[in-house]
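Top line first, the protein sequences correspond to chains A and B.
Quick note on numbering: this note's numbering labels position 48 of the first sequence as 48, and the sequence is numbered without any gaps.
Every number in this note's numbering is 1000 more than the matching position in the second sequence, counting from 1.
We treat Cβ as the ideally placed atom computed from N, Cα and C, and that holds for glycine.
Following: one structure in structure tokens, then a few remarks.
Protein chains: 2
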Amino acid sequence: MTRPVVRLALDAMGGDNAPDSVVSGADLVRQRFPTAQFLFVGDEARVRPLVERHPGLAQVATYRHTTEIVTNDAKPSAALRGGKNSSMRLAINAVQEGLADGVISAGNTGALMAMAKLVLKTAPGIDRPAIVASFPTKRGASVMLDLGANLECDARNLVQFAIMGEAFARTVMGTAKPTVGLLNVGSEDQKGHEELRTAHAALRENKLDLSFHGFVEGDDITKGTVDVVVTDGFTGNVALKTAEGTAQFFSGLMRQAFSGSLGAKLGYLFAKPALGRLRERIDPRRYNGAMLLGLNGIVVKSHGGTDAFGFSNALGAAIEMIANDVATKIQDELQRLGSDLLDTTPPKPKTAAV
Amino acid sequence: MTRPVVRLALDAMGGDNAPDSVVSGADLVRQRFPTAQFLFVGDEARVRPLVERHPGLAQVATYRHTTEIVTNDAKPSAALRGGKNSSMRLAINAVQEGLADGVISAGNTGALMAMAKLVLKTAPGIDRPAIVASFPTKRGASVMLDLGANLECDARNLVQFAIMGEAFARTVMGTAKPTVGLLNVGSEDQKGHEELRTAHAALRENKLDLSFHGFVEGDDITKGTVDVVVTDGFTGNVALKTAEGTAQFFSGLMRQAFSGSLGAKLGYLFAKPALGRLRERIDPRRYNGAMLLGLNGIVVKSHGGTDAFGFSNALGAAIEMIANDVATKIQDELQRLGSDLLDTTPPKPKTAAV
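The following block contains the structure:
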């Protein structure tokens, strides 16, 4: 099976370790996806010499030069106004101009989301784009959305998120028949906000080829009770950061425990390979990359502090999304959906998290 | 300093290990609080023989006999109607009748909250009671509220939760000058729902003796950035369960890692004392007990599956709340609060989580 050509626009200047980690990450992912092509957007005088250290990468690289950047502390509105020639904006423009199939940046999240929405526009049938990411669970890995693009969501948004999340899990995560759950404060049908109960009822009697589990609770997230956790952007953002914080708290406690006494240090030496495998299994770099679903084009946000390995994983997710045509699959799922489900509630304008 | 007499009504039949864990937990806490008195509500034929195994406890124990119980799967509405002679209801009644200063149960959460609200009523100046609990953090321990009594909250509710939580941290946790944070998706002032921004502005320019930190995010919860995390009951419930789930996930991974190979098993033996101290530090039994703040009386919910040690810690928290007169301190704080802050938004009726 030959893989299709995938063209990615890279914000070469975004992120704490840019442009080095961007270039090295691209070289790493190229070894997994030999048909990928890279458009590096940024200061060519800095980026090109880095790329040319990797002859294989240099062969599939093109450049778009700009010295302007979006700073990490720029407000989204200011970035929209003043960042028209920034590496981030020009990388997004490349998708809109048909020069790339997707864009990736490790820069300012709020600016990326605002620019991507403005330039690429929401896909047909989708009221609001949502941010999705994957994370480790007891059973393997699951995904959650929305993680902060929409602070308040109605039932219609949640149902659309369920469809987008399911298509994402199927294509990018490779889950054969992803199960979908709605995040709530209890698992009984009558629990929660009205919007949640309406979405629950719609998904329960759905005509989709979608395996709906019902409501799930906070502890189901890392249990892996479902493959796709659907929630509003406020709750999803808090839940993801709470899980990350708790994981960091535990890692810190472990480090402390193993450096506390001679016995503990010896114990660490013996257990090192096993602990190494554990660390690898939950390595945040393996789960790097938050995708903005529901736009006309693939947009991926890498963690700003990640290294080449982490960046390559976010790139890999972007490539999977393009190669598997996730956007079209989401459209197909929406088409299959009964119009009654989509037309019950008109979309409301809401505040964005980013 | 002599401690005041504290009289507790115990739902002797609530929880998976009742009445054994209830009686043994009472005996454990009695050794820490010699002035505590216990009213055991439940099947006297089963409870009394257990109590009399502990001569010290038997001297400070009284009984209220009933054979009726609230089952774990009972709906709150059904428990309200059909549970009038249950051990849970009669224990709550004892507070209302002035026979006890507080009540504790490890039984059905929803039923306990519904019955307690009905019987004890909301305290003056409080629109809605909130559930608060403590948890371990990098810096020690913090508290969060609301954890599920109110799914949606307005700015006025959040400000009241801040006051109640601060008083709780000061008196029960022993934090000299507790810092308070509002849970949000970003720490900048302009982020989040309107209700959050209104509460933020009110707390920022507050006339209270309250140390307001501003907005905090999900990862700040276990970082211990603030001593009191204030949020609505939906978000609080999801965040707490997400943190618990992540902690369980990590513990499971550790167990797996240490049983995977001979080296890992040896390592475990060497590191056992250090790992034991870690386990002790984050032992959920140490943080057992969710308090319903804002009622005319102290109501504590113990985890249903806890043992005597866990139950004794929930009892200890209840005793601290009574001995320190948290309810009066919350009233005092509300009195000190400018009326402009409390009267801006009228309370709205909302769905309860329990």
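Put simply, the region 101-114 of chain A touches the region 2-19 of chain A. At least three CB pairs are less than 8 Å apart. Listed along the chain, the chain B residues whose CB falls inside 7 Å of the CB of Glu217 of chain A are Lys1241.
Between Thr235 of chain A and chain B, the shortest Cβ-Cβ separation is below 8 Å. Taking a C-beta distance under 8 Å as the contact criterion, Pro1004 of chain B and Ala1314 of chain B do not qualify as a contact pair. Non-local C-beta neighbours of Thr175 of chain A in its own chain, meaning closer than 7 Å and more than five positions away in sequence, comprise Ala169 and Asp227, ordered along the chain. Interface with chain A (8 Å Cβ-Cβ cutoff): His1200 of chain B is excluded.
From the listed residues B:Gly1224, B:His1213, B:Ala1091 and B:Arg1053, the smallest Cα separation to Gly1107 of chain B is found for B:Ala1091.
In the structure shown, the three-state DSSP call for Ser187 of chain A is coil. The beta-carbon of Leu1334 of chain B is placed no less than 8 Å from the nearest beta-carbon of chain A. Bounds of the beta strand (DSSP E) holding Phe1212 of chain B are Ser1211 to Val1216. When rounded, the separation of the alpha-carbon atoms in Thr1035 of chain B and Thr1067 of chain B is 29 Å. Counting only Cβ-Cβ distances below 9 Å, Phe38 of chain A has no contacts in chain B at all, with the closest Cβ about 32 Å away. Within the same chain, Ala1114, Met1115 and Leu1118 come within 7 Å of Leu1080 of chain B by CB-CB distance, once the 5 residues on both sides are set aside. Its chain contains Val1051 and Glu1052 as the residues whose beta carbon lies nearer than 6 Å to that of Ala1058 of chain B, once the 5 sequence neighbours on both sides are disregarded; these appear in chain order. Straight-line spacing of the CA atoms in Ala1123 of chain B and Ile1330 of chain B works out to 10 Å. A distance below 8 Å separates the beta carbons of Thr231 of chain A and Met144 of chain A. Only exposed fits Glu280 of chain A, as fewer than 16 other CB atoms lie within 10 angstroms of its CB.
Taking Pro1049 of chain B as reference, the option from B:Pro1019, B:Val1132 and B:Ala1199 with the minimal CA-CA separation is B:Pro1019.
A contact between stretches requires three or more CB pairs, one per stretch, nearer than 8 Å, and the region 1288-1307 of chain B fails this requirement with the region 290-306 of chain A. Close to Pro273 of chain A, with beta-carbon spacing below 9 Å, are these residues of chain B in chain order: Gly1260, Ser1261, Gly1263 and Ala1264. Shown here, His193 of chain A sits in coil according to DSSP, grouped into three states, outside any helix or strand. Remark: C-beta atoms of Leu203 of chain A and Asn184 of chain A do not approach each other more closely than 8 Å. Excluding five sequence positions before and after Glu1044 of chain B, the CB atoms of its chain that fall closer than 6 Å to its own CB belong to Tyr1063 and His1065, given in chain order. With a threshold of 8 Å between beta carbons, Ala247 of chain A makes contact with chain B.
As computed with DSSP, His1065 of chain B is found in a beta bridge with B:Gly1042. The beta carbons of Thr1171 of chain B and Glu1333 of chain B sit no closer together than 8 Å. Ranked by how close their Cα comes to the Cα of Lys1138 of chain B, the residues B:Leu1253, B:Gly1245, B:Thr1222 and B:Leu1120 have B:Thr1222 in first place. Assignment of Thr1231 of chain B by DSSP, reduced to helix, strand and coil, places it in the coil class. Residue environment analysis places Gln160 of chain A among the buried positions, since at least 16 neighbouring C-beta atoms fall within 10 angstroms of its C-beta.
Leaving aside the five residues that flank Gly1025 of chain B on each side, the residues in its chain whose CB is nearer than 7 Å to its CB run, in chain order, Ala1308, Phe1311, Ser1312 and Leu1315.
Residue pairing of Arg81 of chain A in beta bridges, as defined by DSSP: absent, with no partner found.
Ile104 of chain A sits in a strand when the DSSP states are folded into three classes. From the beta-carbon of Ala1257 of chain B, the residues of chain A found nearer than 8 Å are Ala271, Ala274, Leu275, Arg277 and Leu278.
Inter-residue distance for Pro284 of chain A and Leu1295 of chain B is about 43 Å (C-alpha atoms, whole angstroms). A check of alpha carbon separations from Gly1233 of chain B across B:Ala1133, B:Ala1201, B:Ser1187 and B:Arg1286 identifies B:Ala1133 as the nearest. Given a length threshold of 3 residues, each whole run of the beta strand (DSSP E) inside the region 286-320 of chain A is given here in chain order: 290-293 and 298-301.
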